[in-house]
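Chains as they are written, first to last, in this note's numbering: chain Z, 1 to 523; chain A, 524 to 1012.
One structure is given below, encoded as structure tokens.
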Amino acid sequence: MDQHLLSIVLFAPLAGFVILLLIPGSQKNLIRLWANLVGFGSFLISLLLVSRFDKNIPGFQMVERVDWIPTFGAQYLIGIDGISLLLVMLTTLVGFLAILSSWNAIDDRVKEYYAMFLLLQTGMIGVFVSLDFFLFYMFWELVLVPMYFIIGVWGGPRRLYAAIKFFLYTLTGSVLMLLGILTLYFQYHQQFGAYTFEIEKLMTLDMPLGIQQWVFWAFFIGFAIKVPMFPFHTWLPDAHVEAPTAGSVILASVLLKMGTYGFIRFSLPLVPKASVNVTIVQILAVLSIVGIIYGALVSLMQQDWKKLIAYSSVSHLGFCTLGIFAMNPNGIAGSVIQQINHGISTGMLFLIIGVVYERRHTREIAEYGGLAHVMPKYAIVFAIAMLSSAGLPLLNGFVGEFTILQGAFEANRAWAAFAVMGVILGAAYLLWLYQRTMLGQVTNGRNLHLPDMSAREIAVFLPLIAWAIWIGVYPKPYFDLLEKPVQQIVQRVRPDYYQGAVKADAGTRQHGGVATMQAGAAQ
Amino acid sequence: MNQFFTAADYFVLNPAIFLALFGCAILLFDLLLSPDPKQRKWLLGILVVGLGFAGVALLKQQLYLNESGQSQLTAFQGALTIDRFALLFNWIFELATLIVAIVSYNYLDIEGEHHGEYYALMLFAQCGMFFLAAGTDLVTLFVGLELMALSFYVMVGFLRTDKRSNEAAMKYLLLGAFSSGFLAYGFSLMYGLAGSTLLSDVSAAISKRGPWDPVVFLAMATTAVGLLFKISAVPFHMWAPDAYEGAPTTITAYLSVASKAASFAFLLRIFLGPLASARPSWEPLLTVVAILTMTVGNLAAISQSNIKRLLAYSSISHAGYMLLGLIAGNETGIQGIAVYVLVYAFMNLGAFLVVVAMRRKNIIGEDLDDMAGLMYKSPGYAILMLVFLLSLAGIPPTAGFLGKYYIFLSLIETHHYVLAVIATLYVAVAIYYYFRVVKTMFVGEMVEKAPLASSFGLRLALGITGVMTLAIGIYPEPILRLAQSSLLK
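What follows is the structure, given as structure tokens:
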């Protein structure tokens, strides 16, 4: 079982999906119970990954390799490093909580709903563990169909529009990405005379900058739409607003990370020359900063609670991409941490909207006000989520944003200056949202007798709150986990980076440059 | 003096002989049966046995090739060639005929037009297809084409009392005859160039003259028109939507899969045979045609409200993708066409089978709206249709992705980057109209509650196509090896 632990984590939801199909659709509670069990079980199994993972080993661990389509060299090749481990854990945890939170919210076509969620779960984990590009592409596309149905069947009034928009945007990006993949594949065949999709082998390619740039842009379209980066973000508010609560949670917490993960795992190491190309880095940094500020400004103007959080995602994900293209250990490690943070805090914020939406069936901010008097527990949870998202020290958001800003500062001071504006605006729209909905007198009579959160609802938030505090107070294990993989990526993209650091440090510690750097990141 | 009909000739011709004989047997036996539609089951039985005999004959040929290590068997002084390419296509025809036939049994009852000739015509059509895939002589190919086409003209108009069916058959006949004229003209020029009807002789003559020789160009252009008509490439596609809509749905399925596969086999024989050396002159031409075909097919499909027309336009666009493989022209591209035709057979048959099931007594069931809420009426059909549509759109892990994968890869390998980008972007367009159907099935409000038609044959056929569409997508290795060994060199 030990050798196949990762496969078990990957396919547990799929197995649950198959069994779920056998349960008759009329047994709604049985279906709910089963889906929750599968979600919880998958999370527990994935905890084993953490205990088996050795952060001191560079490269991928728990690798499983089986020939799959020898004719064109595709393999079933999976494995994890620190980055994927964190994202897998995020997926299994948030996936379970999303399923748990749907118990009362979904009463229509229950079986199909949970079936889609379990299928989605396998697709998302697959994206984060695939080390073979063909396999990766399969999982990448597998995610689209269940998400289309989750938005399109259980969503709000404009759900069909939002669902197909989501589908078309991401599909357009991914088919162009496919062309990039095929170019690499073909280049490898030309240079080495063999066909392979294995990422580590493709990394040995030596391609001229021209081709690398084309491949980079092909990948960029695929990943940037998924993230989404400005100006490809327009599908996101629609999808978020129309999706059911759990759908928004999964979308924001996990699905968007597929894009940022793609940049880190594929764009940077596979086309390093293009990735450090000054023009490309400038363009990406500017797009990230525009995303940060634009997302925040638009959030300020929203009347719809959910749309506000949706646009805040654009802003937060801008930080993540900015960190990546700072191209230094702080930036990239910060970006990964921030991806997890965004998963935790935005996931919580969407869940929080779900709680009141189930009671009032409206998301107009103006409909609420003074809820803290009626629902005190709710107000506390919301406060924690909001502060974690705004980046209050001792909560997770601060750690991520701070590290990214460090990285950005190191790369270009102007970037850091602009990004800081995003932090300030972020605090503004979140605090204002909290003030308008929670504080003051109860302005709307219909809110006077809203029940506070139930035990199940609180249970959904507890793990996320705990995780947020853990990262905020003691982030060292996370930085330790990311040290090796991030170092490898930076080494690959900027081979001179560490040498420079060593030289600068040469007087005191001959080889200590890396360690100092990492220690700095951990603080 | 060569002996005219040797044992070797017989061995090569065997499948066609069986198909023709059993076709005649159906016609004769039909006379003995009472007019009760139930009696037609015997005819279906004869057809299946005939397919079985033809299948055994094909299997023998396949085994012979494997054992002897030869790459091909020729007969009739080179007029017929059985190579792995011909065999692959013949297997596709066998499959398509079998699946369409077992589904037709119930369908024709519902349409109230259950006549024995139907089954005979299917065998005759398949006999024609055999010659299209195996023919290496202009006359053999032309006769094969006409045999197939004539059978189809009748089958398209098989619903005698239905105005649309009659109209479709008439249109198909007139335009088909017109295109055959072009083809015959091109062939006559080729014959004039070579003084022989053998493809190998024509190849030699054309390569001697070079691609830009005016006669060669004229021969190429007229032949291309005839062939492009058969695969319903734009601008010679006008007949397809009408014929597809008017024909009995089973025949639409048959037409869109078997006839298209046979025409592609024919097209490859000509373009990779006699016209191979004229590539510089036809490559730009076919590039324009392929782009137009994908454009018109995909864009016109968006606004269709009749599901058969929608699938007709989708099938036009697929012809465009397959042409891209020929334009790329390297091994990957040709292999891609073989893979594409194969997976297309399963997924497109499957999609049409669901449309066949929509036809019930008193319900035409061809409108998109008729599919509304299908998920809550017959979830099995809806999910299968979803699989077929995803596959048609080329979303992994379904079989259709593989076809597209090879086409894209071949374009990249041959540096046709712009074509590759156009082709990929049309995938997104395609998903839009395929998902109109999905949306209707899964989200639409149910209009009528009558359950879908169901029979053993239909369930079996849907089972085969559905399982294959998924299985090929998830584990394509065997199929890829088959396609790889079937390359037309």
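Each residue gets a CB set at the ideal place from its N, CA and C atoms; glycine is no exception.
Here the structure is a predicted model, which means the values were calculated and not measured.
{"Item": "For M207/Z, the nearest candidate out of I280/Z, L255/Z, Q190/Z, M348/Z (CA to CA)", "Value": "Q190/Z"}
{"Item": "Proximity test, Cβ basis, 7 Å: F220/Z and chain A", "Value": "no"}
{"Item": "Paired residues, beta bridge with Q595/A - DSSP", "Value": "D606/A"}
{"Item": "Among A385/Z, F117/Z, I309/Z, M375/Z, the one whose alpha carbon lies nearest that of G472/Z", "Value": "A385/Z"}
{"Item": "Close beta carbons around L430/Z, own chain, < 7 Å, minus the five adjacent residues each side", "Value": "M386, S389, A390"}
{"Item": "L77/Z, DSSP secondary structure in three states", "Value": "strand"}
{"Item": "Short-range partners of chain A found in the stretch 141-168 of chain Z, where Cβ spacing is below 9 Å", "Value": "E141, L142, L144, V145, Y148, F149, G152, V153, R159, L160, A163, I164, F167, L168"}
{"Item": "Residues that T947/A contacts on chain Z, provided the C-beta gap is smaller than 9 Å", "Value": "T172, V175, L176, L178, L179"}
{"Item": "Beta carbon proximity, K962/A to chain Z, threshold 7 Å", "Value": "yes"}
{"Item": "Chain Z contact residues for Q1007/A, given Cβ-Cβ distances below 7 Å", "Value": "T71"}
{"Item": "For R109/Z and K28/Z, the rounded distance between their alpha carbons", "Value": "9 Å"}
{"Item": "7 Å Cβ shell around D532/A - same chain, five flanking residues per side excluded", "Value": "A598, F599"}
{"Item": "7 Å Cβ cutoff met for I164/Z and F958/A", "Value": "yes"}
{"Item": "Cβ neighbour criterion (16 or more within 10 Å) applied to R509/Z", "Value": "Note that R509/Z has pLDDT 41, beneath the 50 cutoff, so the model's placement of it is unreliable and no number is given."}
{"Item": "Inter-residue spacing [alpha-carbon to alpha-carbon] between W68/Z and K55/Z", "Value": "29 Å"}
{"Item": "Beta-carbon separation (whole angstroms), E358/Z vs N104/Z, contact threshold 8 Å", "Value": "6 Å"}
{"Item": "N-terminal and C-terminal residue of the beta strand (DSSP E) that M31/Z is part of", "Value": "Reading off the sequence, residue 31/Z comes out as Ile, not Met. Per DSSP, I31/Z belongs to no beta strand (DSSP E); it is in the alpha helix (DSSP H), 28-52."}
{"Item": "Contacting residues, own chain, Cβ-Cβ under 8 Å from Y998/A (five flanking each side not counted)", "Value": "none"}
{"Item": "Interface residues of the stretch 789-801 of chain A facing chain Z [CB-CB below 7 Å]", "Value": "none"}
{"Item": "Beta-carbon gap between L664/A and V757/A smaller than 7 Å", "Value": "no"}
{"Item": "Beta-carbon proximity check, Y628/A vs L567/A, cutoff 7 Å", "Value": "yes"}
{"Item": "Min CB distance A321/Z to chain A below 7 Å", "Value": "The sequence given here places Thr at residue 321/Z; Ala does not occur at that position. So no, T321/Z is outside the interface."}
{"Item": "Test: G507/Z CB closer than 7 Å to a CB of chain A", "Value": "Note that G507/Z has pLDDT 42, beneath the 50 cutoff, so the model's placement of it is unreliable and the number below is only indicative. No, G507/Z lies away from the interface with chain A (no Cβ there is under 7 Å from its Cβ)."}
{"Item": "Nearest-angstrom Cβ-Cβ length linking V88/Z and V129/Z, presumed shorter than 8 Å", "Value": "7 Å"}
{"Item": "Sequence ranges, alpha helix (DSSP H) only - wholly within the stretch 174-262 of chain Z, length at least 4", "Value": "199-202, 209-226, 235-242, 245-250, 256-262"}
{"Item": "Sheet register partners of G658/A (DSSP bridge)", "Value": "L603/A"}
{"Item": "Beta-carbon gap between L179/Z and T659/A smaller than 7 Å", "Value": "no"}
{"Item": "Cβ contact check for the stretch 677-684 of chain A and the stretch 737-757 of chain A: 3 or more pairs under 8 Å", "Value": "no"}
{"Item": "Under 7 Å from the C-beta of I954/A: neighbouring residues of chain Z", "Value": "F167, L168, L171"}
{"Item": "Chain A contact for L392/Z (CB, 7 Å cutoff)", "Value": "no"}
{"Item": "Neighbourhood of E141/Z by C-beta distance below 7 Å, restricted to the same chain and skipping five residues each side", "Value": "S174"}
{"Item": "Alpha helix (DSSP H) segment containing Q339/Z, residue limits", "Value": "329-360"}
{"Item": "Rounded C-alpha distance that separates I365/Z from P477/Z", "Value": "39 Å"}
{"Item": "Among T746/A, Y777/A, Y630/A, S828/A, the one whose alpha carbon lies nearest that of I615/A", "Value": "Y777/A"}
{"Item": "Secondary structure of R265/Z, DSSP reduced to three states", "Value": "helix"}
{"Item": "Pairwise C-alpha distance: V748/A and P807/A", "Value": "14 Å"}
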